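Number of protein chains: 4
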Amino acid sequence: MRSFASDNNSGVHPEVLQAIVEANEGHAIGYGDDRWTERAKELIRKEFGEDTYAFFCFSGTAANIFAVASVLKPYECVLTSSIGHIHRDENGAPERILSCKIVGIESADGKITTEALSRFLSWKNSPHTASPRVVSITQATELGLLYTPSEIRELSQFCREHDLLLHMDGARISNAAVAQGLSLREATRDLGVDILCLGGTKNGLMGAEAVLFFGEGMKGWADRIQKQCLQLASKMRFLSAQMIAFMSNNLWARNAEHSNRMAALLVEELQEVKGVKIPRPVEANIVFLALPPEIISELKQTHFFYASPQGEARLVTSFDTSDEDVRAFTQEVKRLMRR
Amino acid sequence: MRSFASDNNSGVHPEVLQAIVEANEGHAIGYGDDRWTERAKELIRKEFGEDTYAFFCFSGTAANIFAVASVLKPYECVLTSSIGHIHRDENGAPERILSCKIVGIESADGKITTEALSRFLSWKNSPHTASPRVVSITQATELGLLYTPSEIRELSQFCREHDLLLHMDGARISNAAVAQGLSLREATRDLGVDILCLGGTKNGLMGAEAVLFFGEGMKGWADRIQKQCLQLASKMRFLSAQMIAFMSNNLWARNAEHSNRMAALLVEELQEVKGVKIPRPVEANIVFLALPPEIISELKQTHFFYASPQGEARLVTSFDTSDEDVRAFTQEVKRLMRR
Amino acid sequence: MRSFASDNNSGVHPEVLQAIVEANEGHAIGYGDDRWTERAKELIRKEFGEDTYAFFCFSGTAANIFAVASVLKPYECVLTSSIGHIHRDENGAPERILSCKIVGIESADGKITTEALSRFLSWKNSPHTASPRVVSITQATELGLLYTPSEIRELSQFCREHDLLLHMDGARISNAAVAQGLSLREATRDLGVDILCLGGTKNGLMGAEAVLFFGEGMKGWADRIQKQCLQLASKMRFLSAQMIAFMSNNLWARNAEHSNRMAALLVEELQEVKGVKIPRPVEANIVFLALPPEIISELKQTHFFYASPQGEARLVTSFDTSDEDVRAFTQEVKRLMRR
Amino acid sequence: MRSFASDNNSGVHPEVLQAIVEANEGHAIGYGDDRWTERAKELIRKEFGEDTYAFFCFSGTAANIFAVASVLKPYECVLTSSIGHIHRDENGAPERILSCKIVGIESADGKITTEALSRFLSWKNSPHTASPRVVSITQATELGLLYTPSEIRELSQFCREHDLLLHMDGARISNAAVAQGLSLREATRDLGVDILCLGGTKNGLMGAEAVLFFGEGMKGWADRIQKQCLQLASKMRFLSAQMIAFMSNNLWARNAEHSNRMAALLVEELQEVKGVKIPRPVEANIVFLALPPEIISELKQTHFFYASPQGEARLVTSFDTSDEDVRAFTQEVKRLMRR
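Chains as they are written, first to last, in this note's numbering: chain A, 965 to 1303; chain B, 965 to 1303; chain C, 965 to 1303; chain D, 965 to 1303.
In structure tokens form, the structure reads like this:
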């Protein structure tokens, strides 16, 4: 059964698998002191700048936590959206591991604004409140929207003015960058992002993410806490090999472009269908569909996807979603809606 | 200089001081195994019911944390108001000590509704989200408003239906109960509250709070974690003596009634003054005044109180606020406003 | 350069890589709800008993923490050896994530005895001490020694009598079981182990460990905290595929047998060499060699391995250590010692 | 019934109670911004040096945790004795609140040596181990022994050489200083102690301790985490008033001298009694007595004290132990031993 449940329902891109196979050669020192890790970091520095410090993690949740744990002092807190992955979708892991407050700010579209952040500036120097230190945004957002370059620039400038760090959960940053016609660096560091979680798993890797600190001053005690955050893989070369493939021959962009295209195709096929609503702009690889609840139940017979009780289906496309996948799905929707 | 900054700027009620002096007699076993502690617990059981389990704490922040820590498993979370003391005003202590998520729900008046809580029910059984277990309300609220008895009953019924516990931060529960013409029990347990932080410090004690679990099933592992939460006083008898005085001869009610009366007097004196606005109902012992910023600066020459940058002064009355205090303050406001 | 630094310097066994390649087929629901995970759990239940609850983790450190986090209440603690991996080698991760005490008990050979554990029984019910709940042993130990079956049985009986759980860090349990001529089950569950971290990465996997709870009552809240402990892989099938290979065709035993044999060969070749001492029994796949410090420096020109400043080299063999590796190393030692 | 169970079974010294009564005057700003707190800090600076930063805490456990929390980064750990209060007697509070490792080092007499500390230096810079940062000693120790001035000097020099901080849990530092004929400063800061928990509660206060950082560079983020550690008393003046009395007219020394004298009297009266052994030197105010178990049971009919199952009674004297208390106890021992 084909799945639109998440881009993590996809498999591994053949180039990535090939890189893993090739890394299985001889002995290599553990914990990252190997030539694949060196090479992956080199490719990352080439894209993001020489003073980029990269660390590889097993999962996106882990990457977010490792990123923030590297820079947060025990009395500091994170400001994020109330639908931010780090606030809502990580099972309390951030509080458990960081022992710090994650503040989820409510907003209509799930994006944070400087106006909302301003309400927390008085927390900075009071003995009664946690001190905001990290602003965390997700790009593309959990609703598949994009922060525009100028929105990110405004946030990063606000952060600089108020001694805050801008962290980007980039689980789908490839999709965002490609959609905006930007390079990875242009979509992140050049807009003032300080710390990036560069998502790989949702975009063709088997399971590997990178945490990037832009500038030596940004990495806090990252060097010291990778094992503490459970991210110091003993056979690190097999994570690094995945990142090498990701950063080679534009694989990240090819994969993201494809999945974005599949999302666009979903919209194209369904936007005219009577009774189907697309309640939110589709800016990356997530499509929400408002459908009658009974249609949703029937669709689930043939496809994996998640839907809210109110009848809003969330469809996520991935590098291995095919035109046929999309058409099979949209034809089924149309068939059901016609009845 | 007289203070309206907080009810914790007050001193100790003479009956409380007398109780402390009387407890200073001979040797007593440490950590609560003494006759004053036994007596204080007895008085509390008399008021709240035989199956009430009381623990004494040094401060209100500590009481909230000890209360929640007693019942929260590591994967569970607390739902509270975004202005809830446990979320906003405790310097990240809950996350630091509990390592659990505190979710601050935004609302216009700072009160929580079952409607807002409903949005979090889907978190209960997902492997991706922290599991809501405790709903925490503050009575009177941080803005001096009261949850009505029927509002609390509705919340507690919702909690029962959804396997949640209702915790009340009762730093000012005496003021609320007195304002509603209820006994302490009627204002809390009888409305379905499961765990109460019974505030003492803000209402005439030197520094003592009680955490009450209503029913043996409610107290979780409270017996085991009092020292871990830094609340196992070695000379416990001096906390207990304060609670004895508090629960004797209706001291809690006499003190709260007085401070509520002083708040009412502030309103009475100022509500007709041109240029002065009282933006929120005054339901207990907190009065907000909207004043021109320059008036606020001048008022601060003669009185302690806090004000927002927007020119909203927060005045809190206490058991030792006198009629003269109120009149001196209101006359100064009037004098300044007349100019 | 060939490495004796650790069994995690080895690569991935071809059968494991093949299993990964085969799992890369089509879409699969994330987070473990896939057929590979189902199959891997089935194989584990077949070996360890139907009421075995298995969870897959990214690393050995993570497995230990997830195992303990599943059963430890916030006021409980772990008793282990002062050289136990969970105490000494995990960068403070257990305390950071569990927020619980890990007590490292000192002993001459790094093994725990019931006599040593007895000293902590009075901690069980005191309000002043953390309450021991988990006893954690490593098999084979960090020094390459084995707890005998009767030693483990004695420990597990002690645990039963005193309401403690016996956790085994089995990063090298395959090596131990093979050395003792036991099946995995006979070497663990049948001796009274309650929770097993079944190590895979050091024994031919790319990176996968299993946490096994023997009996439903043992698993605590494991189901609820896998993501919180950062172990809920989105593309779980690729961890599970590794475990399938591990449990199929006795791969775990073939690999462990080989690495044990290589360790024995090291001993055989070196025990008669003048000036070389083997200070500890070699019972699994770790060999300590006492060598003159200057010899150690020269050996490091041709081989990776760790050595203490006092001149004790630690050599670990793995599934892909070859006879030639061993002979090249031992000949170099002999050559250097002859000079 | 008179108690030798602990010096915290004593009451409050009259001069302390008087200071509390006197502080109950008018309104005072909360959280330490009051004149009593200012005065107490001034007295402390006068004794310990102008660059001493003092913070007041509710209890000794809290003081230890606040002290260490102020300087420990999330990846650092504490080295202490295996019988150190911070390791053994605080119910897991340090790990719960700090989320950091506390390493308890075993030794014959419960004191730490530089030799033992040396074993942990390799932990300092490894990615696999927690990084030692604080060495914590208790003076007088939990067994009533004293570190000599030269022992402390040796430890503090070791700390300086290895980038460690020396923390002293001085719950009974008054007893130690008086026994060594030293001022408080001479017994602590002048020997190289960096952070002192100055115990008050066990020496005549109602409940107040001070954490002192010697030098601005030592206080870490203490200013920012007092509320997070639950130690920001709203009515701080009543803690401060106790510290004023403590530091005035040598009250700390008068009280400690008296309790030490009572311990000496216990020894004097009992050392010649046949069948009674005093197994450890008595250097401050704790006396251990080895007695036949049946004698211990009978003694407990008339006196509070703790005893090990092996028949070792621990007696602690306090400022309000009287000659009569001692004689009544010793006569009872003699009477029982004569039978």
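Cβ coordinates follow ideal geometry from the N, Cα and C atoms, glycine included. Small disclaimer: the values here were computed from a predicted structure and weren't measured.
Best match in the options for proximity to residue i [C-alpha to C-alpha]
{"i": "B:P1245", "options": "B:L1085, B:S1063, B:K1264 and B:E1106", "result": "B:E1106"}
{"i": "C:G1074", "options": "C:W1087, C:E1059, C:I1050 and C:L1062", "result": "C:I1050"}
{"i": "D:V1237", "options": "D:E1221, D:L1300, D:C1123 and D:G1275", "result": "D:L1300"}
{"i": "C:A1104", "options": "C:L1081, C:I1066 and C:K1166", "result": "C:K1166"}
{"i": "D:V1175", "options": "D:V1035, D:W1000, D:H977 and D:R999", "result": "D:V1035"}
{"i": "A:R1009", "options": "A:F1178, A:K1298 and A:S1272", "result": "A:F1178"}
{"i": "A:E979", "options": "A:I993, A:G1168 and A:F1122", "result": "A:G1168"}
{"i": "C:V1240", "options": "C:V1280, C:E1296, C:N1214 and C:F1283", "result": "C:E1296"}
{"i": "C:T1152", "options": "C:L1110, C:A1186 and C:N973", "result": "C:L1110"}
Any C-beta of chain C under 8 Å from that of residue i
{"i": "B:T1092", "result": "Note that residue 1092 of chain B is His in the sequence shown here, rather than Thr. B:H1092 counts as touching chain C."}
{"i": "D:Y1270", "result": "no"}
{"i": "D:S1063", "result": "yes"}
{"i": "B:R1188", "result": "yes"}
{"i": "A:G1048", "result": "no"}
{"i": "A:G1056", "result": "yes"}
{"i": "D:R1060", "result": "yes"}
{"i": "D:C1041", "result": "yes"}
Test: residue i CB closer than 8 Å to a CB of chain B
{"i": "A:G1068", "result": "yes"}
{"i": "C:W1087", "result": "no"}
{"i": "D:N1307", "result": "Absent from the model: residue 1307 of chain D. The displayed extent of chain D is 965 to 1303, so no value can be given."}
{"i": "A:P1038", "result": "yes"}
{"i": "C:L1196", "result": "yes"}
Within-8 Å CB hit, residue i to chain A
{"i": "D:K1010", "result": "no"}
{"i": "C:H991", "result": "yes"}
{"i": "C:L1215", "result": "no"}
Buried or exposed by the 16-neighbour rule on C-beta atoms within 10 Å, applied to residue i
{"i": "C:R1149", "result": "buried"}
{"i": "A:M965", "result": "exposed"}
{"i": "B:Q1265", "result": "exposed"}
{"i": "D:N1089", "result": "exposed"}
{"i": "A:T1112", "result": "exposed"}
{"i": "B:R1083", "result": "exposed"}
{"i": "C:P1038", "result": "buried"}
{"i": "C:Y1017", "result": "buried"}
{"i": "D:A1292", "result": "exposed"}
C-beta neighbour in chain D for residue i, strict 8 Å
{"i": "B:M1182", "result": "no"}
{"i": "C:R1136", "result": "no"}
{"i": "B:S1204", "result": "no"}
Heavy atom of the ligand FAD within 7 Å of residue i beta-carbon
{"i": "C:R1278", "result": "Inclusion of the ligand FAD in the displayed structure is not the case, the ligand content being empty and no account of it being possible."}
Interface partners of residue i on chain G, CB under 7 Å
{"i": "D:Q1192", "result": "Protein chains in the displayed structure are A, B, C and D, and chain G is not among them."}
Jot down the residue ranges of each uninterrupted alpha helix (DSSP H) in the stretch 1050 to 1097 of chain D, minimum 4 residues, whole runs only, in chain order.
1057 to 1062 and 1078 to 1082
With a cut-off of 8 Å, do at least 3 Cβ pairs link the stretch 1226 to 1236 of chain B to the stretch 1284 to 1297 of chain B?
yes
Is it the case that the stretch 972 to 986 of chain C contacts the stretch 1199 to 1209 of chain C, given that we only count it when at least three CB pairs across the two stretches are under 8 Å?
yes
Touching by the beta-carbon criterion (3+ pairs, under 8 Å), the stretch 1052 to 1065 of chain D and the stretch 1092 to 1109 of chain C:
yes
Just list the beta strand (DSSP E) runs in the stretch 1131 to 1186 of chain B, keeping only unbroken ones of 3 residues or longer that don't cross its boundaries, in chain order.
1159 to 1162 and 1173 to 1178
Pairs of beta-carbons, one from the stretch 1188 to 1199 of chain B and one from the stretch 1257 to 1264 of chain B, closer than 8 Å: are there three or more?
no
Examine the Cβ distances between the stretch 1154 to 1172 of chain C and the stretch 1024 to 1031 of chain C and report whether three or more of them are shorter than 8 Å.
yes
Closer than 8 Å is the cut-off here; do at least three beta carbon pairs connect the stretch 1183 to 1192 of chain D with the stretch 1240 to 1255 of chain D?
no
Residue ranges of each alpha helix (DSSP H) run of no fewer than 4 residues wholly in the stretch 983 to 1030 of chain C, ordered along the chain?
999 to 1012
What ranges does the beta strand (DSSP E) occupy inside the stretch 1183 to 1261 of chain A, keeping only unbroken runs of at least 3 residues that lie completely in it?
1250 to 1254
Touch check for the stretch 1210 to 1220 of chain C and the stretch 1039 to 1046 of chain C: three-plus C-beta pairs under 8 Å?
no
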